[in-house]
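A.B. asks: Residue numbers (full-length UniProt numbering): 1 to 459. Before I ask anything, let me first share the structure, which is written out below as structure tokens.
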Amino acid sequence: MTPLFAVTMLQQVAAQNRSISGQVVDQSGNGLPGATVIVKGTTTGVSTNSDGTFTMSVPESGATLVVSSVGFLPREQAVGSEARINVRLAEDTKQLSEVVVVGYGTQSRRDLTGSVASISGKEIAAAPVQSFDQALQGRASGVNITTPNGVLNNPPVIRIRGVNSVTLSSAPLIVIDGIPAFSGNSSAVGSVPNNPLSNLNPADIESMEVLKDASAGAIYGSRAAGGVILVTTKKGRKGQSRVSLDSWAGWSKPVRLYELLNAADYMEIKNEAVRNLNANRRALGAVATNIEGFKPSFDADGNPVDTRWYDYIYRTGFSTANTVNFSGGTEKTNFYASVGYSNQKGMLDKNEFKRASARVNLDHKVYKSFTIGTRIGYSNTRNQAPNSGSVADGAFGTGGLGRLPLVLPPTLPRATRMVPTTSTLPATALARVPTSTRAATRWPTPTAHRCTPATTTRW
1 MTPLFAVTML
11 QQVAAQNRSI
21 SGQVVDQSGN
31 GLPGATVIVK
41 GTTTGVSTNS
51 DGTFTMSVPE
61 SGATLVVSSV
71 GFLPREQAVG
81 SEARINVRLA
91 EDTKQLSEVV
101 VVGYGTQSRR
111 DLTGSVASIS
121 GKEIAAAPVQ
131 SFDQALQGRA
141 SGVNITTPNG
151 VLNNPPVIRI
161 RGVNSVTLSS
171 APLIVIDGIP
181 AFSGNSSAVG
191 SVPNNPLSNL
201 NPADIESMEV
211 LKDASAGAIY
221 GSRAAGGVIL
231 VTTKKGRKGQ
241 SRVSLDSWAG
251 WSKPVRLYEL
261 LNAADYMEIK
271 NEAVRNLNAN
281 RRALGAVATN
291 IEGFKPSFDA
301 DGNPVDTRWY
311 DYIYRTGFST
321 ANTVNFSGGT
331 EKTNFYASVG
341 YSNQKGMLDK
351 NEFKRASARV
361 NLDHKVYKSF
371 TIGTRIGYSN
381 TRNQAPNSGS
391 VADGAFGTGG
401 LGRLPLVLPP
411 TLPRATRMVP
421 TTSTLPATAL
431 ARVPTSTRAA
441 TRWPTPTAHR
451 CTPATTTRW
């Protein structure tokens, strides 16, 4: 017998890396601290030190560095066989020359020292929103905007860099064309919530700036503790007069709704629970007195009641918004005028928001360094909404609208046309009811299946 031996050889191949160093500088040769240096195509990267120097590990061959810094154009640099890499970045003149609105007026971003986020009017116009606070969502770092529910025109919760106070308000100060605006709920107690920020047509906005730190919002004092949002409306420019039309349409509908039981399954599950409860009571030596009281209901025509409550609460909403504006100017006078109308139907039944708005912005240069202007805005809004549970004093019949489809039994009819307790179904209706269910056509008590009149069950 010749013995056989099996030899397994494992070979590990590791990529060969090497260490390089270098410096990132500007056009004047000054080191750029905090610049990002990344190996292209990987997640390997470092940040430069206070003098712009860095040290990192790169592949032995074929590596390319991607270097970037705020206010500078990014640059790619091939490594080659060098052990030291120096990268010179050019200034992003377009970004640094951008004009930013601050509390004291306007500044070039090059001269700006505070933390300011800017959102242009083009970005706002690209979003189909009913108020400018919705256009801020996801467009400025450190700004968190939450809508309490899906009801139209609900006041948002805005937080800039988190909660800034334990006992006082953390809401930011909102300034529209230099005038502070109220941003809370402007409705009376128990009324439909109303967002006053929706009085301003988003199509009339030129830009928005979010002042995040104390330096940027210092002019507003303690009112800027939660940050400041500056809103600047459009104005005319020198040149040929222009007429513009901004129009959009869209729809909304609820998604990922829970699958609910129909009437037959609902009664089966409920009665099964009663049977299980009776069995437990008998096992403990108690008297099983629970009655399987979940039985079908019938309307006046003898049809079994199977109400899908989702159909009476939710719908597919359709919304439109149209704005026409006129703008222009001469050597001394600039003008901007607009009219707009918005009609939005929400995904909740009987939830509608309508807004008619008009605006006139006029500037006239009296002397070389003296200009007068006016900002006139008009808004007429109509807000209709059900109580979705956000109003504290709402009754159960209308409060907590979102949970009602989950708790209302499908055997409960929406209308009041019920068969009287003291009588059975009509002969014509009884003929359409299966024999196995005819014993359930009598109701135990007059109030067992009492429901609200049909005229009050729509919200």
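No residue lacks a Cβ here, since even glycine has one placed at the ideal position from N, Cα and C. These numbers were taken from a predicted model, which means no experiment stands behind them.
When the Cα of P410 is compared with those of I176, P148 and D306, which residue comes out closest?
C.D. replies: The residue labelled residue 410 in the question sits at position 410 within the sequence shown. Selected option, being the one with the closest Cα: D306.
A.B. asks: Does the distance from the C-beta atom of T381 to that of R355 stay below 8 Å?
C.D. replies: On the sequence shown, residue 381 is found 381 positions in, with the first residue counted as 1. On the sequence shown, residue 355 is found 355 positions in, with the first residue counted as 1. Yes, they are a contact pair.
A.B. asks: Tell whether a beta-carbon distance below 8 Å holds between S327 and R242.
C.D. replies: Position 327 of the sequence shown, counted from the first residue, corresponds to residue 327. Position 242 of the sequence shown, counted from the first residue, corresponds to residue 242. Yes, they are a contact pair.
A.B. asks: P128 and I145 look like a contact to me (Cβ under 8 Å); what is the Cβ gap, rounded to whole Å?
C.D. replies: Within the sequence shown, numbered from 1, the residue matching residue 128 stands at position 128. Within the sequence shown, numbered from 1, the residue matching residue 145 stands at position 145. Incorrect: roughly 16 Å between the Cβ atoms, too far for contact.
A.B. asks: Relative to the C-alpha of S61, which residue among N17, K270 and A90 is closest?
C.D. replies: The count along the sequence shown starts at 1 and reaches residue 61 at position 61. Measuring from the Cα of S61, the nearest candidate turns out to be N17.
A.B. asks: Return the bridge partner residues of G328 from the DSSP annotation.
C.D. replies: Residue mapping note: residue 328 aligns to position 328 of the sequence shown, counting from 1. According to DSSP, G328 bridges with F335.
A.B. asks: With three or more C-beta pairs closer than 8 Å as the rule, is the stretch 313-321 touching the stretch 333-344?
C.D. replies: Yes, since at least three Cβ pairs between the stretch 333-344 and the stretch 313-321 fall closer than 8 Å, the two stretches touch.
A.B. asks: I'd like to know if the stretch 209-217 and the stretch 266-285 are in contact, where contact means that at least 3 CB-CB pairs between them fall below 8 Å.
C.D. replies: The stretch 209-217 vs the stretch 266-285: no contact.
A.B. asks: Determine the burial state of A249: buried for a count of at least 16 other Cβ atoms within 10 Å of its Cβ, exposed for fewer.
C.D. replies: One-based indexing of the sequence shown puts residue 249 at position 249. So A249 ends up on the exposed side.
A.B. asks: So is A117 buried or exposed if we call it buried at 16+ other beta carbons inside 10 Å?
C.D. replies: For the purposes of this step, residue 117 is identified with residue 117 of the sequence shown, where counting begins at 1. Per the 10 Å Cβ criterion, buried.
A.B. asks: Closer than 7 Å by C-beta to R223: which residues in its own chain qualify, once you throw out the five before and the five after it? Chain order, please.
C.D. replies: Reading the sequence shown from its first residue, position 223 is the one you call residue 223. Excluding residues within five positions, the ones whose Cβ falls inside 7 Å are L173.
A.B. asks: When DSSP builds the beta bridges, which residues end up paired with K365?
C.D. replies: On the sequence shown, residue 365 is found 365 positions in, with the first residue counted as 1. According to DSSP, which records beta bridges pairwise, K365 is partnered with T371.
A.B. asks: I need the DSSP call for K345, collapsed to helix, strand or coil.
C.D. replies: Taking the sequence shown and counting its residues from 1, the one referred to as residue 345 is at position 345. Three-state DSSP puts K345 in a strand.
A.B. asks: Could you compute how far the alpha carbon of S170 sits from the alpha carbon of A225?
C.D. replies: Within the sequence shown, the letter at position 170 stands for residue 170. Within the sequence shown, the letter at position 225 stands for residue 225. The alpha-carbon atoms of S170 and A225 are separated by roughly 7 Å.
A.B. asks: Given 8 Å as the limit, is there contact between the stretch 224-238 and the stretch 297-305, that is, 3 or more CB pairs closer than that?
C.D. replies: Taking 8 Å as the limit for Cβ pairs, the verdict is that the stretch 297-305 does not touch the stretch 224-238.
A.B. asks: Can you grab the Cα-Cα spacing for the pair F353 / N334, in whole Å?
C.D. replies: Walking along the sequence shown from the start, residue 353 turns up at place 353. Walking along the sequence shown from the start, residue 334 turns up at place 334. Cα to Cα, the separation comes out at about 33 Å.
A.B. asks: Buried or exposed, going by whether 16 or more other CB atoms sit within 10 Å of the CB of S183?
C.D. replies: By one-based count along the sequence shown, residue 183 stands at place 183. It counts as buried.
A.B. asks: Please go through the UniProt domain "TonB-dependent receptor plug" (109-228) and give each complete beta strand (DSSP E) segment of 3 or more residues, from N-terminal end onward.
C.D. replies: Counting whole runs of 3 or more residues, the UniProt domain "TonB-dependent receptor plug" (109-228) contains the beta strand (DSSP E) stretches 116-120, 143-146, 157-160, 173-176, 179-181 and 205-211.
A.B. asks: Please name the residue in V25, G31, R275 and V66 whose C-alpha comes closest to that of G45.
C.D. replies: On the sequence shown, position 45 is the one that residue 45 refers to. The residue with the shortest Cα to Cα distance from G45 is V66.
A.B. asks: Identify whether Y266 lies in helix, strand or coil by the three-state DSSP scheme.
C.D. replies: If you number the sequence shown from 1, residue 266 lands on position 266. Three-state result, Y266: helix.
A.B. asks: What does the alpha-carbon distance come out to for the pair G162 and S141?
C.D. replies: Here residue 162 corresponds to residue number 162 of the sequence shown, with the count starting at 1. Here residue 141 corresponds to residue number 141 of the sequence shown, with the count starting at 1. Their Cα atoms are separated by approximately 11 Å.
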